[in-house]
Every structure is written in C-alpha cells, then in structure tokens.
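In this text, residue positions in the sequence shown follow UniProt numbering: the first is 1, and each later residue adds one.
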Amino acid sequence: MPWRVKSTITGGKTISVADASEYKTKSARLQELSNDFHSLSTSWMQTAMQIESQKSSIFSENNKNFNGYFNDDSLQPILDPAECRIKSSQCESLSNKLDELSSLIIRANNLYANAEYKNRENLDNLVSIGTSIFPVTAIPFFASVGFSILLDMTQKSGMKNFSKWSHETASIQQGFIRGFSKHILINPVTGIPVHFISSIQERNSNKHSNNPVSKLTSALSLFSAKINDAKQGNNLKVTKIRLPHREYSKILHYRGSNISQALGNLTDLSNGNLGVKPPKINADAATIAIQRFKKKDGSISWLVTIPGTDGKPKSPFGWPQNAEVMSSSKNVRQNADSTRMVIEAMRKSGIKAKDSVILIGHSQGGIVAASIASDYSKQYNIKHVVTAGSPIANHPIPNKTWVTSIEMEDELVPTLDGASNPNRNNWVTIHGTAKKSAIAHNATIAPETAHNAIYNSLVANRIKSQNKNKENNKKNNKQYRTKSYKNEKLFEKDGILVKNVPEEGTLTHDLNYHKAAYEDAHQLGSKEIRMQEEHFRKTLGDELEETTLWQGIMSN
Numbered sequence: 001m002p003w004r005v006k007s008t009i010t011g012g013k014t015i016s017v018a019d020a021s022e023y024k025t026k027s028a029r030l031q032e033l034s035n036d037f038h039s040l041s042t043s044w045m046q047t048a049m050q051i052e053s054q055k056s057s058i059f060s061e062n063n064k065n066f067n068g069y070f071n072d073d074s075l076q077p078i079l080d081p082a083e084c085r086i087k088s089s090q091c092e093s094l095s096n097k098l099d100e101l102s103s104l105i106i107r108a109n110n111l112y113a114n115a116e117y118k119n120r121e122n123l124d125n126l127v128s129i130g131t132s133i134f135p136v137t138a139i140p141f142f143a144s145v146g147f148s149i150l151l152d153m154t155q156k157s158g159m160k161n162f163s164k165w166s167h168e169t170a171s172i173q174q175g176f177i178r179g180f181s182k183h184i185l186i187n188p189v190t191g192i193p194v195h196f197i198s199s200i201q202e203r204n205s206n207k208h209s210n211n212p213v214s215k216l217t218s219a220l221s222l223f224s225a226k227i228n229d230a231k232q233g234n235n236l237k238v239t240k241i242r243l244p245h246r247e248y249s250k251i252l253h254y255r256g257s258n259i260s261q262a263l264g265n266l267t268d269l270s271n272g273n274l275g276v277k278p279p280k281i282n283a284d285a286a287t288i289a290i291q292r293f294k295k296k297d298g299s300i301s302w303l304v305t306i307p308g309t310d311g312k313p314k315s316p317f318g319w320p321q322n323a324e325v326m327s328s329s330k331n332v333r334q335n336a337d338s339t340r341m342v343i344e345a346m347r348k349s350g351i352k353a354k355d356s357v358i359l360i361g362h363s364q365g366g367i368v369a370a371s372i373a374s375d376y377s378k379q380y381n382i383k384h385v386v387t388a389g390s391p392i393a394n395h396p397i398p399n400k401t402w403v404t405s406i407e408m409e410d411e412l413v414p415t416l417d418g419a420s421n422p423n424r425n426n427w428v429t430i431h432g433t434a435k436k437s438a439i440a441h442n443a444t445i446a447p448e449t450a451h452n453a454i455y456n457s458l459v460a461n462r463i464k465s466q467n468k469n470k471e472n473n474k475k476n477n478k479q480y481r482t483k484s485y486k487n488e489k490l491f492e493k494d495g496i497l498v499k500n501v502p503e504e505g506t507l508t509h510d511l512n513y514h515k516a517a518y519e520d521a522h523q524l525g526s527k528e529i530r531m532q533e534e535h536f537r538k539t540l541g542d543e544l545e546e547t548t549l550w551q552g553i554m555s556n
C-alpha cells in the first residue's frame, strides 16, 4: 500500500479570538448537520428493509389466492427499496462531506494548534525532568535504538527496524534528548569539563544558546572537528562547474519560484537527479545550487539550494560537521566546513549585501541555512529560510527573516536539538504524519464515485423489476451518469501521496515525505502558508536569469 501524508501547522500569525470562535461555531454546526444526515441515511435504509419485508409478506399471501401469478409487476409502489437505498447513499455521502469540511476548518485555521503545542511542550518537559534527575530511565531508550540499528545491520533490512523504533518513540524523543543533555551538564563529573570546553568555544562570540543540546554539541565539536580535520584536511576548495552556456538551463528541473518547486529541486539535487550528468560532476564533492532571479524593478535576488549530509570522505557535508553547525557558539558554526562552503559559493556567485537571499536546505543543509541566517545577517540580506527535517530551534535567526520548517512527526533528526521551533508571526512549522493508505497510486476517485456505483447498481435492478417504467428509468439513469468528476482537480482528503518511495516505506527523513507534507499544508489553504508562499515568491521575483552548480571538497 502507498503512503500518504497529512499535515498540521504551528506558528505564524495567530487569528483573533473572535475569528477563532466563529470558525469553531461553523465547524460544530457542520458536524451537527453531518450527524443529522447520517441519521437520515440510517432511516432510509431501515425504510428499504421494511418495504422489502412487507412486499415479501404480500407476495406470499396473494400467491395463495392467484395461483402464483402475483409478481413484482403487480405492485407499483410510490417508493420502492431501491429508491430508499439511493436516498440512504446520498445522505451518507453528504454526511461524510460535511464531517470532512468540519475537520478541514479546524486543520486549515490551526484552531487547536496552540493547545497541541503546549501539550507537546508539557510532555517534553516532563520527560526531560525525569531523565535529567533519573538518567537510568534513558537506558532503555538508547538501548532500543542501538538494538534496532544492530538488527538492521545483521538482517540487511535497510532501516526498517530503526524506522519502526523512531515511529514508536516519536512522542518522547525530544524530551529524552533534552533531559539526558541536561543531566550531563548538571552532573559535576561531566558538567564541569563540558561547561569549560563550551566556554572556550564561545569566547568572542556574542550569540550563543543556553540550550543543553547546543552546549553539548559545542563541546563535542572541539574534538570532532580536530579529528575530522586530521582525517580529511581543513583546506576547502569551492569551484563552479563549468558548462556550455546552453546547458545551464538544464541543471534543475524547476524554476524554483515557489516553495513547492524549490523543494522539488532540493530533492533532485540531493539525489543527483540533474540535467547535467557525470563526468561533469565530481562524485566525491558536495554540490549546491545557486539561482539568480531578476525582479520587475531591476533588483537581483538569489535562491541557494543546500542538500543534507552526504557522508563522502572528502566532503564538507560529512557527519562530524553536524555537531559544529548545531553548536551554541557562533564561531564554531561559522567555521564548520559546510557553512564555509556555502558562504564561499555565495561570495563567488556575486551575491551582494543588499541582494535578497532565500536559503533552502534538507537536514544538515537546513541547519547550515539557519546558521547563515543567524550569523551572517550583517553581511547578507537573508529574507527567507526553508528547512526540511532540520533541528534549528536553538539558532538565533533574526526576527526579520521568515522561516518555513517542515518536520515529520516520527522523524528523529529534527528532535536532536531537544526543543520545539519558536512560535512567531513569520516562522511556520509544518508537522507531517505519514500513514499507509488503501487508495491506489493512480486513484483519482471523487467522493461521489462510490455513490455512483451504488446508484447504478440499484437502478439496474430496478429496471429489471419494473418493466413498465423501463424507458423512464433509463432516461433518469442516463441523466445522472452524465455528471462526471474525472477531470476535476480533487482535494486529497486522505493526505498527499508520497511519491518515489517503496510500498514498505522508508525513513520519513526522506525528502519525498517533506514534499508531501508541504503539499498537504498548501492544499489546506491556510492563511499562514499562503503568507509564507507569497513572501517567498515576491522575494525572488519572476525572471530566472541563471542557475549554477558549486562543488566543495576538502584536502590536507
């Protein structure tokens, strides 16, 4: 069975109390109407059963008197069971639609988002306090993740067991990570050296986070960075891929002028699905894309697309760099190889201080985007940041920068910062939930289709049993069947289909899940998402002038 994603939204500009009350009232009224039509559907079905029962009794009684010549044609009731079942189906269809509309009003306007956000925070705090005081409670948590990874390695099952573990522990991951980090800081044996090392890292840095996870990664990066430098070197070389002029337009499949297209380009770039194929691309290097746009007023804007960790031996986007870009220290974040590569590519591209810039990234790429927005706000005019599966809650992103974050509910990576994203007017977080769906990949069934099938079947039976009204019934049936929903663009009420993933699913850290989560949030038409999309589009402008690829590689 395929996978589908439904989304909820937190953050953004809160609607007024009066508007929220009105939306809730309308939602409740729709729910009442849904219940009423469901009751009507039941009544019509019961009526059909009663008529059938009475007809059976009449046939039985009269056949005794008419020697078996009394049949269905002898009765011409105003209302027959087939008609009742049609009415029942129609009422049930209306009931389902009204129930769906009631739920959509709640989802689209985030009416209970703040309450859900507070509940999540309360659970995180409870788990965090318990873990920080009684760290032994974290043993099963970390042991189970280790066991799931071991099973995947021995069974060669990909990440099936780890994915199952992540799904089952989703609600407590953030709390455990925050609590265990707190324990390390408050325990004198571990806390004193960690505080000392992090203070060294944070010197001459006027921006740092007091979050325990950020402090811990800051201390960890002092050692991981040195080990990594010894292994792959600390000399970064950033080069532009030279191509014939006619091929620059073939690099990415989309213009990237809206968030959905930008996510598509990010996915293609992460998977190496480009219009430019090797050997023109160095397979051992990290690759990012930079696009230049021109607005109607003649000003220039830029879109920087940053994939996540690639794990290549000489890549600046390796595993150790994650700790550096998550550090509480501005200096450490700026000196991370991945950050240095993007900044160097931006400089060589000719991005000026006043040019509008949008950064979009997945996983480590999103963390780098948040770091640049936080630490280079004076050097660059970062207008908007879009992240997918990135732990960026602790980054001091300026209030002037808009943020669109996409996170899957059972995805471990975004919880690694031990905190939920801030709630502010221009920072929206989309939370996607993936579930298996019984609807086929190529299904384009309108809500009315099931009802049409029932209707056609019942009418066909009715035609057979009522020969005298055969022509009228054919006419009515034909008239009903002319209404077609084939070409209508349907609202995907069961969520957006996740494309390019196997039926057994993958880790929801896969970008295809984030794309589906954004599409579902977008189809809800909420004000918050419309504002984010409009800001993204207006910042870039309409005319794409150039797309370039930049590669970075480390050496001794």
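For each residue, glycine too, the CB sits at the ideal point set by N, CA and C.
Asked: Hey, is the region 392 to 399 in contact with the region 358 to 365, meaning 3+ C-beta pairs nearer than 8 angstroms?; Found: no
Asked: Apart from the five residues just before and just after MET45, which ones in its own chain have a Cβ nearer than 8 angstroms to its Cβ?; Found: CYS84, ARG85, SER88
Asked: Consult DSSP for PRO447 and reduce its assignment to one of helix, strand or coil.; Found: Confidence at PRO447 is low in this model, with a pLDDT of 43, below 50, so the placement of that residue is unreliable and no value is reported for it.
Asked: Please report how far the alpha carbon of GLN379 lies from the alpha carbon of TRP427, in whole angstroms.; Found: 22 angstroms
Asked: On the CB-based measure, 16 or more other CB atoms within 10 Å of its CB, does ASN425 come out buried or exposed?; Found: exposed
Asked: Based on Cα-Cα distance, which residue from ASP284, ARG537, LEU266, ALA323 lies nearest to ILE290?; Found: LEU266
Asked: Do LEU220 and ALA262 have their C-beta atoms within less than 8 angstroms of each other?; Found: no
Asked: Examine the Cβ distances between the region 105 to 119 and the region 23 to 41 and report whether three or more of them are shorter than 8 angstroms.; Found: yes
Asked: Which class does residue 564 belong to by DSSP, given the choice of helix, strand or coil?; Found: Absent from the model: residue 564. The displayed extent of the chain is 1 to 556, so no value can be given.
Asked: Excluding five sequence neighbours on each side, which residues of the same chain lie with their C-beta closer than 8 angstroms to the C-beta of LYS215?; Found: SER181, LEU185, VAL194, HIS195, SER198, SER209, SER328
Asked: For VAL386 versus THR404, is the C-beta spacing smaller than 8 angstroms?; Found: yes
Asked: Going by CA-CA distance only, name the one from SER299, GLU528, GLN364 that's closest to ASN322.; Found: GLN364
Asked: So the beta strand (DSSP E) HIS514 belongs to, where does it begin and stop?; Found: Taken as a continuous stretch (DSSP letters only), HIS514 belongs to no beta strand (DSSP E), being part of the alpha helix (DSSP H) at 511 to 524.
Asked: Is the region 106 to 121 touching the region 8 to 27 in the sense that three or more CB pairs, one from each, lie closer than 8 angstroms?; Found: yes
Asked: From the DSSP output, in three-state form, read off VAL304 for me.; Found: strand
Asked: For ASP520, I'd like the list of residues in its chain whose CB is within less than 6 angstroms of its CB, leaving aside the five on either flank, ordered along the chain.; Found: VAL5, LYS6, SER7, GLY495, ILE496
Asked: The beta strand (DSSP E) spanning TRP3 covers which residue range?; Found: 3 to 11
Asked: Just checking my contact of ALA434 with TRP3 at CB under 8 angstroms: how many whole Å lie between their CB atoms?; Found: 5 angstroms
Asked: Give me the Cα-Cα distance between ILE51 and ASP80, rounded to the nearest whole angstrom.; Found: 7 angstroms
Asked: Could you tell me which residues DSSP puts in a beta bridge with THR239?; Found: GLN551
Asked: Take the Cβ of GLY158 as the centre, count every other Cβ of all protein chains shown within 10 Å, and call the residue buried at 16 or more, exposed below.; Found: exposed
Asked: Please work out which residues of its chain come closer than 7 angstroms, Cβ to Cβ, to THR339, disregarding the five sequence neighbours upstream and downstream, and give them in chain order.; Found: VAL325, ARG333, VAL368, SER371, ILE372
Asked: Decide yes or no for the touch test of the region 531 to 546 against the region 285 to 299: beta carbon pairs closer than 8 angstroms, at least 3 of them.; Found: yes
Asked: Could you tell me which of SER377, THR429, TRP402 sits nearest to PRO391, measuring between CA atoms?; Found: THR429
Asked: ILE172 to LEU524, Cα distance in whole Å?; Found: 28 angstroms
Asked: Taking one C-beta from the region 268 to 276 and one from the region 226 to 240 each time, how about it: are there three or more such pairs within less than 8 angstroms?; Found: no
Asked: Can you tell which of LEU236, HIS384, ASN556, GLN551 has the C-alpha that lies nearest to the C-alpha of HIS535?; Found: HIS384
Asked: In whole angstroms, what separates the C-alpha of MET554 from that of LEU236?; Found: 5 angstroms
Asked: Starting from GLU83, follow the alpha helix (DSSP H) in both directions and report where the run begins and ends.; Found: 81 to 108
Asked: Just mark LYS330 as buried or exposed, buried being the case when its beta carbon has 16 or more other beta carbons within 10 Å.; Found: buried
Asked: Just mark LEU150 as buried or exposed, buried being the case when its beta carbon has 16 or more other beta carbons within 10 Å.; Found: exposed
Asked: Which partner residues does MET291 have in the DSSP bridge list?; Found: Per the sequence shown, residue 291 should be read as Gln rather than Met. GLN291 pairs with LEU303, THR547.
Asked: Can you tell me which residues form a DSSP beta bridge with THR387?; Found: GLY361, SER405
Asked: Take the Cβ of TRP402 as the centre, count every other Cβ of all protein chains shown within 10 Å, and call the residue buried at 16 or more, exposed below.; Found: buried
Asked: For my contact list, GLU409 and GLY432 are in at a C-beta cut-off of 8 angstroms; report their separation, rounded to the angstrom.; Found: 7 angstroms
Asked: Roughly how far, in whole angstroms, is the beta-carbon of ILE351 from the beta-carbon of TYR376, given that I think they are within contact range, below 8 angstroms?; Found: With a Cβ gap of about 11 angstroms, ILE351 and TYR376 do not count as contacting.
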